[in-house]
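>
2 protein chains.
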Amino acid sequence: MERTINRELPAQIGKTVTIAGWVDVRRDHGKLIFLDVRDRSGIVQCVVTPRASEAMEIAKELRPQFTVAIVGELKERPENMRGAGPFGGIELSVQSVVILSRAQELPFDMSAELNLDTHLDYLPLTLRTARSRDIFTMQETILEGFRSSMRKQDFTEFTAPAIVGEDAEGGAAAFRVSYHHDTSAFLATSPQFYKQIMVGPFERAFTVAKIFRAEKHSTTRHLSEATSLDFEMGFIESHREPMAVLSRCVSDIVSLATERHPDMFERFDLPPPVIGDEIPTLTLREAQKILGVTEAPDLDPAGERSICEWAKKERASDFVFITAFPTKARAFYTYEDPHEAPYSRGFDLLFRGLEINSGSQRMHDYDALIGRMHERGLDPQKFSFYLQAFKYGLPPHGGSATGLERMTARMLGIANVKEATAFPRDLNRIDIRLSE
Amino acid sequence: MERTINRELPAQIGKTVTIAGWVDVRRDHGKLIFLDVRDRSGIVQCVVTPRASEAMEIAKELRPQFTVAIVGELKERPENMRGAGPFGGIELSVQSVVILSRAQELPFDMSAELNLDTHLDYLPLTLRTARSRDIFTMQETILEGFRSSMRKQDFTEFTAPAIVGEDAEGGAAAFRVSYHHDTSAFLATSPQFYKQIMVGPFERAFTVAKIFRAEKHSTTRHLSEATSLDFEMGFIESHREPMAVLSRCVSDIVSLATERHPDMFERFDLPPPVIGDEIPTLTLREAQKILGVTEAPDLDPAGERSICEWAKKERASDFVFITAFPTKARAFYTYEDPHEAPYSRGFDLLFRGLEINSGSQRMHDYDALIGRMHERGLDPQKFSFYLQAFKYGLPPHGGSATGLERMTARMLGIANVKEATAFPRDLNRIDIRLSE
Numbered sequence: 001m002e003r004t005i006n007r008e009l010p011a012q013i014g015k016t017v018t019i020a021g022w023v024d025v026r027r028d029h030g031k032l033i034f035l036d037v038r039d040r041s042g043i044v045q046c047v048v049t050p051r052a053s054e055a056m057e058i059a060k061e062l063r064p065q066f067t068v069a070i071v072g073e074l075k076e077r078p079e080n081m082r083g084a085g086p087f088g089g090i091e092l093s094v095q096s097v098v099i100l101s102r103a104q105e106l107p108f109d110m111s112a113e114l115n116l117d118t119h120l121d122y123l124p125l126t127l128r129t130a131r132s133r134d135i136f137t138m139q140e141t142i143l144e145g146f147r148s149s150m151r152k153q154d155f156t157e158f159t160a161p162a163i164v165g166e167d168a169e170g171g172a173a174a175f176r177v178s179y180h181h182d183t184s185a186f187l188a189t190s191p192q193f194y195k196q197i198m199v200g201p202f203e204r205a206f207t208v209a210k211i212f213r214a215e216k217h218s219t220t221r222h223l224s225e226a227t228s229l230d231f232e233m234g235f236i237e238s239h240r241e242p243m244a245v246l247s248r249c250v251s252d253i254v255s256l257a258t259e260r261h262p263d264m265f266e267r268f269d270l271p272p273p274v275i276g277d278e279i280p281t282l283t284l285r286e287a288q289k290i291l292g293v294t295e296a297p298d299l300d301p302a303g304e305r306s307i308c309e310w311a312k313k314e315r316a317s318d319f320v321f322i323t324a325f326p327t328k329a330r331a332f333y334t335y336e337d338p339h340e341a342p343y344s345r346g347f348d349l350l351f352r353g354l355e356i357n358s359g360s361q362r363m364h365d366y367d368a369l370i371g372r373m374h375e376r377g378l379d380p381q382k383f384s385f386y387l388q389a390f391k392y393g394l395p396p397h398g399g400s401a402t403g404l405e406r407m408t409a410r411m412l413g414i415a416n417v418k419e420a421t422a423f424p425r426d427l428n429r430i431d432i433r434l435s436e
Numbered sequence: 001m002e003r004t005i006n007r008e009l010p011a012q013i014g015k016t017v018t019i020a021g022w023v024d025v026r027r028d029h030g031k032l033i034f035l036d037v038r039d040r041s042g043i044v045q046c047v048v049t050p051r052a053s054e055a056m057e058i059a060k061e062l063r064p065q066f067t068v069a070i071v072g073e074l075k076e077r078p079e080n081m082r083g084a085g086p087f088g089g090i091e092l093s094v095q096s097v098v099i100l101s102r103a104q105e106l107p108f109d110m111s112a113e114l115n116l117d118t119h120l121d122y123l124p125l126t127l128r129t130a131r132s133r134d135i136f137t138m139q140e141t142i143l144e145g146f147r148s149s150m151r152k153q154d155f156t157e158f159t160a161p162a163i164v165g166e167d168a169e170g171g172a173a174a175f176r177v178s179y180h181h182d183t184s185a186f187l188a189t190s191p192q193f194y195k196q197i198m199v200g201p202f203e204r205a206f207t208v209a210k211i212f213r214a215e216k217h218s219t220t221r222h223l224s225e226a227t228s229l230d231f232e233m234g235f236i237e238s239h240r241e242p243m244a245v246l247s248r249c250v251s252d253i254v255s256l257a258t259e260r261h262p263d264m265f266e267r268f269d270l271p272p273p274v275i276g277d278e279i280p281t282l283t284l285r286e287a288q289k290i291l292g293v294t295e296a297p298d299l300d301p302a303g304e305r306s307i308c309e310w311a312k313k314e315r316a317s318d319f320v321f322i323t324a325f326p327t328k329a330r331a332f333y334t335y336e337d338p339h340e341a342p343y344s345r346g347f348d349l350l351f352r353g354l355e356i357n358s359g360s361q362r363m364h365d366y367d368a369l370i371g372r373m374h375e376r377g378l379d380p381q382k383f384s385f386y387l388q389a390f391k392y393g394l395p396p397h398g399g400s401a402t403g404l405e406r407m408t409a410r411m412l413g414i415a416n417v418k419e420a421t422a423f424p425r426d427l428n429r430i431d432i433r434l435s436e
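Respectively, the protein sequence lines represent chains A and B. Just so you know, the numbering used here puts 299 at position 299 of the first sequence, and the rest follows in order with no gaps. Just so you know, the numbering used here puts 243 at position 243 of the second sequence, and the rest follows in order with no gaps.
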């Protein structure tokens, strides 16, 4: 009999159907065995009674994470026996069970709160928890929202390379790759150069790119491999245009998440993010004045949290832009208008206490860019490929990069970005721990 | 004055507007200078007359790839002066020109056919040609078509890691990465293990992942870094279900490309691909019989081309599936039904002469998989993370992987996959040539 997906069951009451899925929970009541069976669309309760004696024998053997195909008759549950969730009103009265694959005894109770290391040690199992499925369903929504907003705003998607010859930031710690011909290559710390180049053909370009950072960070905010939501746009007057594009993009993502996952925000006990018509914007000095701290080239993590609290309280916004950082504290390609020196046209976007995005207007003049490279001790020869884009005419342009894992974490109030990464790589781990 | 995008110009006849873009071509007729100005939406002709004397002075200085902002009055062109393209019926009568950025003299004529090495040496410039813009616009459409078809078929997107501890294929040539703690890691040769793990939480999962191959290939089909369109699905009976999902996906992509880019197929002088209700399927032995070749574990490139010619002629299809390869010639995780030995449930999809996809039903039983690893000389200890997915219950499952660059190339009849890659990495090149 053809399989019916759980979500299609409510329309099948009174009929005999076949379902398939994972045993999520088995409750043995002696005469009755209840099975919660999960498939891609949700969990449905099945009940095995002594009348189905063969099924009963098999049901006794079942444990969580066994996969099964079950034939049964779909029934409405009595008013006072209804469960939670979309399929709480129905129940499958089991006629037969086939075991598709077995599971060993679980190393822990999956319904308990897991500490992060246990979660990470057992990802092939723990990614199956309701919490993990929520997190990565939300992450997919953010990806989809990003791409659809970019397209709506007339951007073209491209794929940026992961293997690069020189580190884009010229100095950030990059992982080294043994490449052909005994040469060394690096893993990209950002798709920056390539999206700037793509302004040439497409004027507005975006990419979802893997980025790699070899810094020996061990924090709740850093990963060795992360996913970056990048865009770049030409023919701008200032950093205000990429900020406007980003604002609309973030707003589109929040709208999609709010509309699609109201239940998820409830389960994570956090309201959907608040984003108004305009995201409040402070210069770094304004932010520092509000915080009562002395001038520094950037906010520290505590400062980011405090200024977000201020934005929430004073401007009713979960997002806040910080602009006008000192040029010397930003990447070499950041544009500085002579009238605005020593501050440059960069911006950071903070979300619920954490920087999730960084962007700027970029330098676009070939000679000026080479001058800046010299100032920073970078050898333009090493950047000859990138510099072609400028040699052959690149308009004033700018863009930004959003950390997918950070945005996912802040969307659901998750403390550590590693939990918002399906397979996090960090100082001590690639799937399994590197060393004891 | 606010900038108007070229595509919005036809509605502005008689009005004074500002446009911005790249000088694509400048034609100096002495008294008149014609400028073709390209922005993200297309090319529009501008004409500078002696009445605009300042503009004329500036226009004399312009060269291809300068970026400019131009103010002018939009006019309809006389019937007999109309050009090609969507904006062939209009013309901007220039009032003023501002140079936004300059371009050095181009190293070659951009309208000529470029040889591949020149194209690759000057990508930041050559990606701006009409041909390149077509190719990467098509590539975006394929990406979009893949993702939307996957979603429609109830798959969840996730991001697979690029840095891995062990090579998934257990033996394919993988690039080595110097990781933290002086350990060696590798670049993923496929997201295979991770998509199988993701069957656990989502039953149906897909990813667009970078894959890396260190083989010293120097062909028109191979890249050192490529983009893979991967999916994996649980609760299948055989490889026929992933083949059906893939067929629908390819059909959705072809429909989207055909609907969106009829002009592109014309420019590439190739009709849109033909895909019927069902993609013809041959076992490897059937294919070999048709080709009159002796049994071998796979088709060689010439065989792939010939069998595609057969499929086109005899079945009117640009696509053909080959199935039932010898198990020993396929990846270790390929499922072999005892009744079908020594052939396994793998499949390849060929498109216009080239293999663009490979897939199979996978092994799902923990003990059987460990047995297979031992047969192939692989140490299960090294795969302990991956094996957790099987230890804790994975249903019968399967999936496939499509090469984005190969599919793009075949869609437009491009001879070398490198031209269908924005920034190709190969044996001799990472942006610039590795060695002379």
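C-beta: ideal position from N, C-alpha, C; glycine also.
1. Sort V250(A), F193(A), E355(A) by Cα distance to R362(A) and report the nearest one.
2. Roughly how many angstroms lie between the CA atoms of V447(B) and V97(A), to the nearest whole one?
3. Could you check what DSSP says for H364(A) in three-state terms: helix, strand or coil?
4. Going by alpha carbons, who is nearest to I99(B) out of A244(B), A55(B), H119(B)?
5. What does the alpha-carbon distance come out to for the pair N439(B) and L354(A)?
6. How big is the Cα-Cα spacing for E76(A) and E203(B)?
7. Could you say which of I43(A), H374(A), G377(A), E140(A) lies nearest to I90(A) if we only look at CA atoms?
8. Per DSSP, C46(B) forms a beta bridge with which residues?
9. Quick check: the Cα distance between I13(A) and L92(A), rounded to an integer number of angstroms?
10. Quick one: what's got a C-beta closer than 7 Å to T141(B)'s C-beta in the same chain, skipping five residues either side?
11. Who are the near neighbours of M373(B) in its chain, counting only those whose CB is closer than 6 Å to its CB and skipping five residues on each side?
12. Can you tell me which residues form a DSSP beta bridge with P271(A)?
13. Please list the partners that R176(A) has in chain B, where partner means a Cβ-to-Cβ separation under 8 Å.
14. Using the three-state DSSP reduction, which class does I5(B) fall into: helix, strand or coil?
15. Provide the residue(s) that pair with E76(A) in DSSP beta bridges, ordered along the chain.
16. Start and end of the alpha helix (DSSP H) containing L299(B)?
17. Are the beta-carbon atoms belonging to Q139(A) and L404(A) less than 8 Å from one another?
18. How far does the beta strand (DSSP E) with I211(B) in it reach, from first residue to last?
19. Please return the same chain residues whose Cβ sits closer than 6 Å to the Cβ of S251(A), not counting the five positions on each side in sequence.
20. In three-state terms, what does DSSP make of D230(A)?
21. For the segment 212-244 of chain B, enumerate the residues whose C-beta is nearer than 8 Å to any C-beta of chain A, in chain order.
22. Where does the unbroken beta strand (DSSP E) through D252(A) begin, and where does it stop?
23. State yes or no: is the beta carbon of S384(A) nearer than 8 Å to at least one beta carbon in chain E?
24. Just checking my contact of Q95(B) with A59(B) at CB under 8 Å: how many whole Å lie between their CB atoms?
25. Would E336(A) be called buried (16 or more neighbouring beta carbons within 10 Å of its own) or exposed?
26. Cα separation between R376(B) and M110(B)?
27. So, using beta-carbon positions, are C249(B) and F347(B) closer together than 8 Å?
28. Going by DSSP in three states, T159(B) sits in which element: helix, strand or coil?
29. Any beta-carbon of chain B closer than 8 Å to the one on K391(A)?
30. Taking Cβ positions only, does R40(A) come closer than 8 Å to chain B?
31. Buried or exposed: where does F231(B) fall if 16 or more other Cβ atoms within 10 Å of its Cβ makes it buried?
32. Buried or exposed: where does A11(A) fall if 16 or more other Cβ atoms within 10 Å of its Cβ makes it buried?
33. To which residues of the same chain is W310(A) closer than 6 Å at the C-beta, ignoring the five residues directly before and after it?
34. Compare the beta carbon distance of A20(B) and R3(B) with 8 Å and say whether it is the shorter of the two.
35. Give the secondary structure of Y509(B) by DSSP, where H, G and I count as helix, E and B as strand, and everything else as coil.
36. Between which two residues does the beta strand (DSSP E) harbouring D28(A) extend?
So, to answer that:
1. Here the question's residue 362(A) lines up with position 362 in the first sequence. Among V250(A), F193(A), E355(A), the Cα nearest to that of R362(A) is on F193(A).
2. There is simply no residue 447(B) to check, as chain B begins at 1 and stops at 436 in what is shown.
3. Position 364 of the first sequence, counted from the first residue, corresponds to residue 364(A). Here H364(A) sits in coil by DSSP.
4. The residue you call residue 99(B) lines up with position 99 of the second sequence. When only C-alpha atoms are compared, the closest one is A55(B).
5. Summary: the structure shown does not reach residue 439(B), with chain B confined to residues 1 through 436, and so no result is reported for it.
6. The count along the first sequence starts at 1 and reaches residue 76(A) at position 76. The count along the second sequence starts at 1 and reaches residue 203(B) at position 203. Roughly 26 Å between the two C-alpha positions.
7. Taking the first residue of the first sequence as 1, we reach residue 90(A) at position 90. Checking every option, the nearest Cα to that of I90(A) belongs to I43(A).
8. What you label residue 46(B) is simply residue 46 of the second sequence in a count that begins at 1. Beta-bridge pairing links C46(B) to L35(B), L92(B).
9. Locating residue 13(A) in the first sequence gives position 13, where the first residue counts as 1. Locating residue 92(A) in the first sequence gives position 92, where the first residue counts as 1. Going by the C-alpha atoms only, they are around 9 Å apart.
10. In the second sequence, the residue the question calls residue 141(B) occupies position 141. Answer for T141(B): L256, A257, R260, H261, listed in chain order.
11. For the purposes of this step, residue 373(B) is identified with residue 373 of the second sequence, where counting begins at 1. Taken in chain order, the residues that qualify are P380.
12. Along the first sequence, read from residue 1 onward, the residue named residue 271(A) stands at position 271. In DSSP, P271(A) forms no bridge with anything.
13. In the first sequence, residue 176(A) corresponds to position 176, counting from 1. Near R176(A) (Cβ distances below 8 Å), the residues of chain B are V177, S178.
14. For the purposes of this step, residue 5(B) is identified with residue 5 of the second sequence, where counting begins at 1. Reduced to three states, the DSSP call for I5(B) is coil.
15. Indexing the first sequence from 1 puts residue 76(A) at position 76. According to DSSP, which records beta bridges pairwise, E76(A) is partnered with I90(A).
16. Here residue 299(B) corresponds to residue number 299 of the second sequence, with the count starting at 1. Careful: L299(B) lies outside any alpha helix (DSSP H) and carries neither H nor E.
17. On the first sequence, residue 139(A) is found 139 positions in, with the first residue counted as 1. On the first sequence, residue 404(A) is found 404 positions in, with the first residue counted as 1. For Q139(A) and L404(A), yes; Cβs fall inside 8 Å.
18. Translated into the one-based positions of the second sequence, residue 211(B) becomes position 211. First-last of the beta strand (DSSP E) with I211(B): 204-212.
19. Position 251 of the first sequence, counted from the start, is the residue given in the question as residue 251(A). These residues qualify, in order along the chain: I275.
20. As a position in the first sequence, residue 230(A) is number 230, starting the count at 1. Correct three-state label for D230(A): strand.
21. F212, A214, K216, S224, E225, T227, G234, F235
22. As a position in the first sequence, residue 252(A) is number 252, starting the count at 1. No beta strand (DSSP E) holds D252(A); the alpha helix (DSSP H) holding it covers 240-260.
23. Any reference to chain E falls outside this structure, whose protein chains are A and B.
24. Along the second sequence, read from residue 1 onward, the residue named residue 95(B) stands at position 95. Along the second sequence, read from residue 1 onward, the residue named residue 59(B) stands at position 59. Actually they are not in contact, since the Cβ atoms of Q95(B) and A59(B) sit about 12 Å apart, beyond 8 Å.
25. The residue given as residue 336(A) occupies position 336 in the first sequence. When all chains shown are included, E336(A) counts as buried.
26. What you label residue 376(B) is simply residue 376 of the second sequence in a count that begins at 1. What you label residue 110(B) is simply residue 110 of the second sequence in a count that begins at 1. About 52 Å.
27. One-based indexing of the second sequence puts residue 249(B) at position 249. One-based indexing of the second sequence puts residue 347(B) at position 347. Not closer than 8 Å, so no.
28. Translated into positions along the second sequence, residue 159(B) becomes position 159. Note: T159(B) maps to coil in three-state DSSP.
29. Translated into positions along the first sequence, residue 391(A) becomes position 391. K391(A) counts as touching chain B.
30. What you label residue 40(A) is simply residue 40 of the first sequence in a count that begins at 1. Chain B, which has a Cβ nearer than 8 Å to the Cβ of R40(A), makes this yes.
31. Working through the second sequence from its first residue, we reach residue 231(B) at position 231. Burial call: buried.
32. Residue 11(A) sits at position 11 when you count from the first residue of the first sequence. Exposed, by the Cβ-count rule.
33. For this step, residue 310(A) is matched to residue 310 along the first sequence. Closer than 6 Å at the Cβ level, and outside the excluded window around W310(A), lie I290.
34. By one-based count along the second sequence, residue 20(B) stands at place 20. By one-based count along the second sequence, residue 3(B) stands at place 3. Cβ atoms of A20(B) and R3(B): closer than 8 Å.
35. It is not possible to answer for residue 509(B), since the shown part of chain B is limited to 1 through 436.
36. One-based indexing of the first sequence puts residue 28(A) at position 28. Where D28(A) is concerned, the enclosing beta strand (DSSP E) stretches over 16-28.
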